[in-house]
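K.L.:
Residue numbers (the working numbering): 249 to 571. Questions regarding the structure given below will be posed in turn.
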Ligand SMILES: Nc1ncnc2c1ncn2[C@@H]1O[C@H](COP(=O)(O)OP(=O)(O)OP(=O)(O)O)[C@@H](O)[C@H]1O
Ligand SMILES: [Mg+2]
């Protein structure tokens, strides 16, 4: 018997906004139960649009989204209870206190009446907001609102948590609190799908990342698989004097006999930095230095490191500005 484990199934999803902008273009991916997925992509890639379609806030132009086997647009009441959602734009009830806001949300999302009070207090404690619980939300700082939005999304104890830019504008302490909560959700066997522009966030939390660009899927895999696939095991960074403005990646690749990830733009003809992909690292580094010297270039500095998810992201999506 085939066991159905996908908690989210996005199939051939296209979304065209009023006015004609195609934000998603035939996007397909799935999320398995218990996974923590990081949805990455440049500004305007379609991450928020995708999660708004998964939560049923938007209706797709075509294609399908299923959550726990239910077609989202036909089962909005069921879906709402299955998902905890923290939107990118914190939409809170400004004229309520934090306590009232959570209490209202708990009732709306079907938390049993006798549990509402305890749950609300527990969430306020978790967010570190007990001392401000009777203040109006509009008097909160940005970070406090973000923490309140987080606990609001986990208040009704859903299987699937969707967080859109969870640490937007928060301090290091609040970010740690939010990250720890995500890890706790995973320990409890829940599923978390989060959108982020912060590569360290994806690196710290995601079991697997999905990269989209221009509304299309461009890569998916574990961070370490993507590093190997798109960059190599190591990245060699060399500061080179004498590398002319027209001597770019291709020219350099031929000299060092390895793939060149990129070469920095020259600053007033000064030294340029090159990033070279390497599988071996420790044996490639001296080779790169001697091949550069043989080509008449002066190596001012050389180092080697494992690639970060940020390197992978740039390798996949390029360095051009979007939106
Ligand atoms: N309500 C809307 N009406 C028209 N176009 C929209 C609307 N919302 C988003 N878009 C457009 O859809 C595209 C995708 O936007 P989306 O917010 O999904 O991107 P994102 O990946 O979440 O970006 P960011 O990293 O900046 O949050 C963008 O070109 C955006 O301008
Ligand atoms: Mg967004």
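Beta carbons are placed, not taken as given, at the ideal position from N, Cα and C, and that holds for glycine.
1. Spatial neighbours of residue 440 within its chain, please: C-beta separation below 6 Å, excluding the five flanking residues on both sides.
2. Alpha carbons only, please: which of 463, 376, 469 and 298 is nearest the one belonging to residue 411?
3. Taking 7 Å as the cut-off, decide whether the C-beta atoms of residue 526 and residue 484 are in contact.
4. Please return the same chain residues whose Cβ sits closer than 7 Å to the Cβ of residue 265, not counting the five positions on each side in sequence.
5. So, for residue 254: in the same chain, excluding its five sequence neighbours on each side, which residues have a beta-carbon less than 7 Å away from its beta-carbon?
6. Could you tell me the distance, in whole angstroms, from the CA atom of residue 459 to the CA atom of residue 322?
7. Since residue 313 and residue 301 are thought to touch, with beta carbons under 8 Å apart, how far apart are those beta carbons, to the nearest angstrom?
8. Buried or exposed, going by whether 16 or more other CB atoms sit within 10 Å of the CB of residue 513?
9. Inspect the beta-carbon positions of residue 375 and residue 394 and report whether they are closer than 7 Å.
10. In chain order, what residues place their C-beta within less than 7 Å of a heavy atom belonging to ligand 2?
11. Run through the stretch 293–375 for me and flag every whole alpha helix (DSSP H) of 4 or more residues, listed as ranges in chain order.
12. Between which two residues does the beta strand (DSSP E) holding residue 482 run?
13. Would you mind working out which of 486, 539, 364 and 535 sits nearest residue 519, comparing C-alpha positions?
14. Closer than 7 Å, CB to CB, is residue 343 near chain B or not?
15. Between the Cα of residue 426 and those of 475, 383 and 401, spot the shortest distance and give me the residue it belongs to.
16. So, helix, strand or coil for residue 479, using DSSP?
17. Tell me whether residue 295 is buried or exposed, calling it buried when 16 or more other Cβ atoms sit within 10 Å of its Cβ.
18. Classify residue 423 as helix, strand or coil using the three-state DSSP reduction.
19. Within 6 Å: the Cβ of residue 269 and any heavy atom of ligand 1?
20. Evaluate residue 546 with the Cβ neighbour count: other Cβ atoms within 10 Å of its Cβ, from every protein chain shown; 16 or more gives buried, anything less gives exposed.
P.N.:
Taking the structure as given:
1. In the chain shown, residue 440 corresponds to position 192, counting from 1. Within the same chain, residue 440 has close Cβ partners 284, 409, 430 and 433.
2. Position 163 of the chain shown holds residue 411. Considering only alpha carbons, the answer is 298.
3. On the chain shown, residue 526 is found 278 positions in, with the first residue counted as 1. On the chain shown, residue 484 is found 236 positions in, with the first residue counted as 1. Closer than 7 Å, so yes.
4. Against the chain shown, residue 265 aligns to sequence position 17. Answer for residue 265: 271, listed in chain order.
5. Mapped onto the chain shown, residue 254 falls at position 6. Here the set comprises 278, 279 and 280.
6. Numbered from 1 along the chain shown, position 211 holds the residue referred to as residue 459. Numbered from 1 along the chain shown, position 74 holds the residue referred to as residue 322. Straight-line Cα distance between these residues: approximately 28 Å.
7. Taking the chain shown and counting its residues from 1, one reaches residue 313 at position 65. Taking the chain shown and counting its residues from 1, one reaches residue 301 at position 53. Rounded, the Cβ-Cβ distance is 5 Å, consistent with contact.
8. To locate residue 513, count along the chain shown from 1; it is residue 265. Classification of residue 513: exposed, given that the 10 Å Cβ count is below 16.
9. On the chain shown, residue 375 is found 127 positions in, with the first residue counted as 1. On the chain shown, residue 394 is found 146 positions in, with the first residue counted as 1. Contact flag unset, no.
10. 295, 296, 336, 412, 413 and 443
11. 295–302, 324–330, 346–356 and 361–374
12. By 1-based counting over the chain shown, the position of residue 482 is 234. Run containing residue 482: 482–489, per the beta strand (DSSP E) assignment.
13. For the purposes of this step, residue 519 is identified with residue 271 of the chain shown, where counting begins at 1. Comparing Cα-Cα distances from residue 519 to each of 486, 539, 364 and 535, the minimum goes to 486.
14. In the structure shown, chain B does not exist; there is a single protein chain.
15. Walking along the chain shown from the start, residue 426 turns up at place 178. Nearest C-alpha to residue 426: 401.
16. The residue you call residue 479 lines up with position 231 of the chain shown. If DSSP states are grouped into helix, strand and coil, residue 479 belongs with coil.
17. Taking the first residue of the chain shown as 1, we reach residue 295 at position 47. Classification of residue 295: buried, given that the 10 Å Cβ count is 16 or more.
18. Position 175 of the chain shown, counting from 1, holds the residue named residue 423. Residue state, collapsed to three classes: helix.
19. Position 21 of the chain shown, counted from the first residue, corresponds to residue 269. Flag set: Cβ of residue 269 near ligand 1.
20. Here residue 546 refers to the residue found at position 298 of the chain shown. Per the 10 Å Cβ criterion, exposed.
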